[in-house]
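A short worksheet on the structure shown next.
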Amino acid sequence: MKTKFHALAITATLLLAGACAALVSGCASSSQKRISQHQQLFDSLPPETQAGIRAGRVEIGYTPEMVIMAVGKPNRQFTRTTAQGVTEVWVYTKNKPSLGFGFGIGGGTGRGVGVGTGVGIGMGGGRAEEVMRIVFEGAKVGAIEGKAAK
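Using my numbering, count along the sequence shown one by one with no gaps and you end on 182.
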């Protein structure tokens, strides 16, 4: 039993490591893909702004297109109305991972004796955690709340 559990734990660890590697390589390619969709605008920006966008940073004064190149489309958008006027707010979230593990033993009597065991490991979507809000004033970033830079 210990050997089967050990093999299962190693398999789960390897699957998780593979998923993380795929996610990291996917992030790099998705960043370049976002830039290529706005290539003309990107090419017109100063080198330091291009470097910031490539690094996933958002700065005050960025346009919505620049923000999308840097960090992608928001998970949620809404407008905020205050005495100063109407602003657009973009919210970025990330899913916190959740891992569950279960072990069960069952048995029964009757005409014979039966014993069964089961092991389950589940990795699922946990809950979303807000990591950044970007507030647009006019057509430019006026405020950044939360993670301003990677």
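For glycine and all other residues, C-beta sits at the position ideal for the given N, C-alpha and C.
None of these values were measured; they are calculated from a predicted model.
Kindly indicate which three-state DSSP category residue i falls into: helix, strand or coil?
{"i": "ILE85", "result": "helix"}
{"i": "GLU162", "result": "strand"}
{"i": "LYS172", "result": "strand"}
{"i": "GLY178", "result": "strand"}
{"i": "LYS65", "result": "helix"}
{"i": "LYS105", "result": "coil"}
{"i": "PRO78", "result": "coil"}
{"i": "VAL99", "result": "helix"}
Quickly, what does DSSP pair residue i with across the bridge? List them, please.
{"i": "THR113", "result": "VAL118"}
{"i": "VAL167", "result": "VAL121 and ALA175"}
{"i": "LYS126", "result": "GLU161"}
Since I believe residue j is in contact with residue i (beta carbons under 8 Å), could you give me their beta-carbon distance rounded to a whole number of angstroms?
{"i": "VAL173", "j": "GLU91", "result": "7 Å"}
{"i": "THR119", "j": "ARG112", "result": "5 Å"}
{"i": "ARG159", "j": "LYS128", "result": "6 Å"}
Please say whether residue j and residue i have beta carbons closer to each other than 8 Å?
{"i": "GLY88", "j": "SER63", "result": "yes"}
{"i": "PHE104", "j": "ARG165", "result": "Residue identity differs from the one stated: residue 104 is Gly in this sequence, not Phe. Not closer than 8 Å, so no."}
{"i": "THR114", "j": "GLU161", "result": "no"}
{"i": "PRO96", "j": "VAL123", "result": "no"}
{"i": "VAL121", "j": "PHE110", "result": "yes"}
Quick one: is the Cβ of residue i within less than 7 Å of any heavy atom of the ligand GTP?
{"i": "LYS105", "result": "Of the ligands one can find in the structure shown there are none, so the ligand GTP has no counterpart to examine."}
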